[in-house]
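Notes to accompany the following structure.
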Amino acid sequence: MKQKIVIKVTITGKKSRPKAMRIAVSQPGVESVAFQGEEKEELVVIGDGVDSIVLITHLRRSLGYADLLTVGDPDGEKKEEKETKNELVIQPVSWPTIYQNVQPYFTNQERSYNYQEPNCSIM
4 MKQKIVIKVT ITGKKSRPKA MRIAVSQPGV ESVAFQGEEK EELVVIGDGV
54 DSIVLITHLR RSLGYADLLT VGDPDGEKKE EKETKNELVI QPVSWPTIYQ
104 NVQPYFTNQE RSYNYQEPNC SIM
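Take 4 as the starting number for the sequence shown in my numbering and just add one per residue.
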């Protein structure tokens, strides 16, 4: 299954961009790699069976900062629009919480009338 992975990386110098692309291409299953965004800090990787976690850890080790933004189908937006029109919306049912009522246990301590205090006052 093809997937599109968008990763935000920090580009600190001239060597960072080719280094990030080299790391991304070295992963198994990668078909295309490109930069997108206003400052070209988002690395877009398209491939079949690409492990995003392994890719992120390799980028973090070499570049310092890499953040996973999205993982999905390359043409995911077009398919989602068609599917939402035909799908039924199921409302979740909120069941009331039921607590088992336990009668409180009261203890009552009373002194009887024939109570005698001890003769020894030390105790």
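Cβ atoms here follow ideal geometry from the backbone N, Cα and C, with glycine treated the same way. In this text, all values refer to a predicted model and were calculated from it rather than measured experimentally.
The bridge partners DSSP lists for ALA37 are VAL47.
Between the segment 23 to 42 and the segment 103 to 113, the count of Cβ pairs shorter than 8 angstroms is below three; the stretches do not touch. With contacts defined as CB atoms closer than 9 angstroms, LYS7 and VAL57 fail to qualify as a contacting pair.
In this structure, the CA atom of LEU46 is about 6 angstroms from the CA atom of GLN39. By a beta-carbon distance limit of 8 angstroms, LYS18 does not contact SER65. Their separation comes to about 10 angstroms.
With fewer than 16 other Cβ atoms from the protein chains shown falling within 10 Å of its own Cβ, GLY67 counts as exposed. Counting every other CB atom within 10 Å of its CB across the protein chains shown gives ILE10 a total of 16 or more, marking it as buried. Between ILE14 and ARG20 the beta-carbon gap is near 6 angstroms, inside 8 angstroms, which marks them as a contact. If you ignore the 5 residues before and after VAL74, its C-beta comes within less than 7 angstroms of the C-beta of GLN6, ILE8, SER55, all in its own chain and listed in chain order.
In this structure, the CA atom of ASN122 is about 21 angstroms from the CA atom of GLU113.
In this structure, GLU42 is the residue among ASP70, GLU42, ASN111 with its C-alpha nearest to the C-alpha of GLY16.
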